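A.B. asks:
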Amino acid sequence: MAPRQNESRRLAAIHRLQLLDTPPEPAFDRIVQLAQSLFDVPIALISLLDDDRQWFKSKCGLNVPDTPREQAFCNYTVLHDSVFVVPDARADAAFSANALVTGEPFIRFYAGAPLVVAPETRVGSLCIIDRKPRTLNADEALLLERLARVITDELWLRNFAVTPGRKLQPFTPAKHSVNTEPMITGMQVRAARAALSWSIDKLAAKTGLSPNTIKRAEADQQDRPSSLATIKIIRANLEAQGVVFIGHDTAAPGIQLISQQRNI
-14 MAPRQNESRR LAAIHRLQLL DTPPEPAFDR IVQLAQSLFD VPIALISLLD DDRQWFKSKC
46 GLNVPDTPRE QAFCNYTVLH DSVFVVPDAR ADAAFSANAL VTGEPFIRFY AGAPLVVAPE
106 TRVGSLCIID RKPRTLNADE ALLLERLARV ITDELWLRNF AVTPGRKLQP FTPAKHSVNT
166 EPMITGMQVR AARAALSWSI DKLAAKTGLS PNTIKRAEAD QQDRPSSLAT IKIIRANLEA
226 QGVVFIGHDT AAPGIQLISQ QRNI
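With the numbering used here applied, the sequence shown corresponds to residues -14 to 249, in that order.
1. Which residues in the same chain have their Cβ closer than 7 Å to the Cβ of residue 115, if we skip the five residues on either side of it in sequence?
2. Taking 8 Å as the cut-off, decide whether the C-beta atoms of residue 112 and residue 59 are in contact.
3. What are the residues that DSSP puts in a beta bridge with residue 70?
4. Run through DSSP, which three-state label would residue 51 get?
5. Where do the N-terminal and C-terminal ends of the beta strand (DSSP E) with residue 33 fall, by residue?
6. DSSP on residue 63, reduced to helix/strand/coil?
7. Can you grab the Cα-Cα spacing for the pair residue 212 / residue 195, in whole Å?
8. Is it the case that the Cβ atoms of residue 142 and residue 176 are separated by a distance below 8 Å?
9. Measure how close the beta-carbons of residue 202 and residue 240 come, nearest whole angstrom, since I'm counting them as under 8 Å.
10. So with Cβ pairs under 8 Å, would you call residue 37 a contact of chain D?
11. At which residues does the beta strand (DSSP E) containing residue 194 begin and terminate?
12. Cα separation between residue 137 and residue 107?
13. Between the alpha carbons of residue 49 and residue 16, how many angstroms are there, rounded?
14. For residue 173 and residue 87, what's the separation of their Cα atoms in angstroms?
15. Could you pull the start and end residues of the alpha helix (DSSP H) that residue 44 belongs to?
16. Are residue -2 and residue 102 close, meaning C-beta to C-beta below 8 Å?
17. Suppose you measure from the CA of residue 51 to the CA of residue 221; what does that come to, to the nearest Å?
18. On a Cα-Cα basis, can you pick out the residue from 121, 125, 61 and 91 that is closest to residue 72?
19. Give me the residue from 67, 109, 134 and 226 with the minimum Cα distance to residue 123.
20. Exposed or buried, what is residue 214 when buried is set at 16 or more other beta-carbons lying within 10 Å of its beta-carbon?
21. Taking Cβ to Cβ, would you say residue 32 is nearer than 8 Å to residue 110?
22. Buried or exposed for residue 7, please, with buried defined as at least 16 other CB atoms from any protein chain shown within 10 angstroms of its CB.
Pasting the structure below:
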């Protein structure tokens, strides 16, 4: 089996999502059905890697709810941010003796895009499987990666309990220094971008900042992004699109989206 990296952080992220053993949901099922159709494969899955199993949040073409962790191709997918491809599992020493190759569902081709919920934190994959060998070209890999990002965006929105159009309580200035503004976290930046369906490049273009600067702001998983000037610019641009940042003085900061203000 592939080596496990950042396992405690990865498992903590999975448990925070509170998705394991939950019923099927249309938001995820639609993505899996789309992947199955676009890539013309018999099997498509959203797989989450728990400690001792891979559990399928959504699946097409497979009837089991989970498989043992040691059999999961996804073990390799979560090691990197890029798409992991096995053109022919029978010809690959790492997989040729795998029970999922020698028996049902007789995997030959596998391609998985990691579900990256934070830097170096990959909770599972969106994967496509065929019973015959095949390849995946660069355009197809990019498409699979983009579909995986749709899934992670949905996870972020749920994690932050984004609610469009609710009446919001304004910030209380007395709680903040006269020389500062209520700050936002890196996770809020990413959740806001997901709510707007913006890529990092689009937010960079809107703010005039570099994509790497945006990535650094989003990578702050704790209390405060590192650059006050940077976060002010990001915040102003997101608020102009109808994003409202909430919960600054709580343990659970989040966002809300006022849909009528969006200008995408």
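The C-beta atom is built at its ideal place from N, Cα and C for all residues, glycine as well.
Bear in mind the structure is a predicted one, so any value in this text is a computation, not a measurement.
C.D. replies: Reading it off the structure:
1. 26, 27, 93 and 94
2. yes
3. 96
4. strand
5. 28 to 34
6. coil
7. 14 Å
8. yes
9. With a Cβ gap of about 14 Å, residue 202 and residue 240 do not count as contacting.
10. In the structure shown, chain D does not exist; there is a single protein chain.
11. It is not in any beta strand (DSSP E) - residue 194 carries neither H nor E in the DSSP assignment.
12. 10 Å
13. 19 Å
14. 45 Å
15. Where residue 44 is concerned, there is no enclosing alpha helix (DSSP H), although the beta strand (DSSP E) it sits in stretches over 38 to 45.
16. yes
17. 44 Å
18. 121
19. 67
20. exposed
21. yes
22. exposed
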